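Have a look at the structure below before the remarks.
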Amino acid sequence: MDNIHDLVIVGAGPAGLTAAVYARRANIEVVMLEASAPGGKMVKTAEIENWPGTKKTTGPDLAYSMFEHATNLGAMYQFGDVSNIKNDGNIIEVECADGKVYKTKALLIATGTVERLLNIPGEQKFTNRGVSYCAVCDGAFFKDEVITVIGGGNSALEEALYLTKFASQVNVVIRRDVFRADKMIRDKVYAHDKINVIVKSIPVEVVGDDKVDGIVLENVDTKERTTIPTKAVFPFIGLDPKTEFVKNLGITNEFGYIKANEKMETAQKGIYAAGDVLEKELRQVVTAAADGAIAAQEIIMYIEEHE
Ligand code: NAP
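With the sequence shown counted from 1, adding 12 to any position gets you the numbering used here.
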């Protein structure tokens, strides 16, 4: 007979890892499936200053300690790129791109979000050759060079500040003349002598030969195009939920975010969701962890009733 797991968690970011800790402490068998490195967005975040009790840490450090916590408690961690979910109302089947299928009594979806692309010429060609979506991973390659960040939200400005450690200058390109980011971070950006803010401009092409040499910007009012010399382009223009694999289940809203109630239950029996993948207001490590804890408590009760 096929092995039926208690709980499969898809996504090992702060929501999934917290749920794993809570479920293991209640002696629930847990398999975590992750298609990338454990830690989710934390791995790509330079500094975290709003995880209560820790004034300052790095994203990779916090990710590693959460991962170690969950696996030390006995959560199983496996590579898995989930491509489809089937639910007969009793047993849930989790299908992976490599053909592997996991059967489980309960499923937690904690896949978070993926970076939005600029979708302009040159972006794909120069990805990993000057175009990057991860400042922590790639910033150090551009020591004493000009780096250009696209976007004016919290992510763009936090990463722009981080990139000043390496760059001779960081251009921040925004399409309006105001930032979307919070005031505290806006003020730091305006005060930084290495940051040059370019307003009312949208990127239209990344240019170069073998590697990035520049970015073509179009002024939104005049439509005039200017090529800015730069060795790196870091787009941080927002995020989309990673929910392709559940699109047939009827549990997402029009933007693809998963709809769940305050118990983190979706409309599908036995399927829960937590973290940034949810339709909600505040996407933070701390809110993802809280969702994971709530989901795990509900799943523990669900599994007990199920037996
Ligand atoms: P965001 O807040 O949605 O900001 C996206 C930015 O990209 C905006 O400035 C937007 O411009 C711009 N943009 C969008 N599409 C564009 C395009 N095609 N071309 C050029 N610019 C474009 O996204 P985010 O910064 O990734 O943040 C996502 C969520 O995580 C937010 O809720 C944020 O508060 C949260 N977050 C929080 C923290 C923190 O609290 N420390 C850190 C990181 C992220 P417009 O403003 O003109 O629309």
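Think of the CB as a built atom: it goes at the ideal place given N, C-alpha and C, for glycine as much as any other residue. This one's a predicted model, so the numbers in the text were calculated from it and none came from an experiment.
May I ask whether a heavy atom of the ligand NAP can be found less than 7 Å away from the beta carbon of Gln-296?
-> At a threshold of 7 Å, Gln-296 counts as near the ligand NAP, since its beta carbon sits closer than that to one of the ligand's heavy atoms.
Nearest neighbour of Ile-263, chosen from Glu-170, Lys-98, Thr-239 [CA to CA] = When only C-alpha atoms are compared, the closest one is Lys-98.
Flag this pair as yes or no: are the beta carbons of Arg-128 and Asp-252 separated by less than 8 Å?
-> Yes, the Cβ-Cβ distance between Arg-128 and Asp-252 is below 8 Å.
Are there 16 or more other CB atoms within 10 angstroms of the CB of Met-313, so buried, or fewer, so exposed?
-> The Cβ neighbour count for Met-313, taken over all protein chains shown within 10 Å, is under 16; the residue is labelled exposed.
Backbone CA spacing between Glu-230 and Gly-86 [nearest angstrom] | For Glu-230 and Gly-86, the distance between alpha carbons rounds to 53 Å.
Would a C-beta distance cut-off of 8 Å place Thr-160 and Asn-140 closer than the cut-off?
-> No, these two residues do not count as a Cβ contact at 8 Å.
Gly-134 versus Trp-63: straight-line alpha-carbon distance, rounded | Taking the straight line from one Cα to the other gives about 37 Å.
Collapsed DSSP secondary structure at Ile-207 in the structure displayed = Looking at Ile-207 - three-state DSSP - the assignment turns out to be strand.
Which of helix, strand or coil does DSSP assign to Ala-87?
-> Three-state DSSP puts Ala-87 in coil, outside helix and strand.
The ligand NAP heavy atom lying under 7 Å from the CB of Asn-62 | Yes.
Complete runs of the beta strand (DSSP E) confined to the stretch 164-228 [at least 3 residues] = Runs found: 181-185, 207-210, 213-220.
Taking 7 Å as the cut-off, does the CB of Leu-173 come closer than this to any heavy atom belonging to the ligand NAP?
-> The answer is no for Leu-173.
So, using beta-carbon positions, are Thr-278 and Tyr-284 closer together than 8 Å?
-> Closer than 8 Å, so yes.
Distance, Cα to Cα, Phe-138 vs Asn-208?
-> If you draw a straight line from the Cα of Phe-138 to the Cα of Asn-208, it comes to about 23 Å.
Just checking my contact of Glu-157 with Lys-243 at CB under 8 Å: how many whole Å lie between their CB atoms?
-> In this structure Glu-157 touches Lys-243 by the C-beta definition: roughly 4 Å separates them, less than 8 Å.
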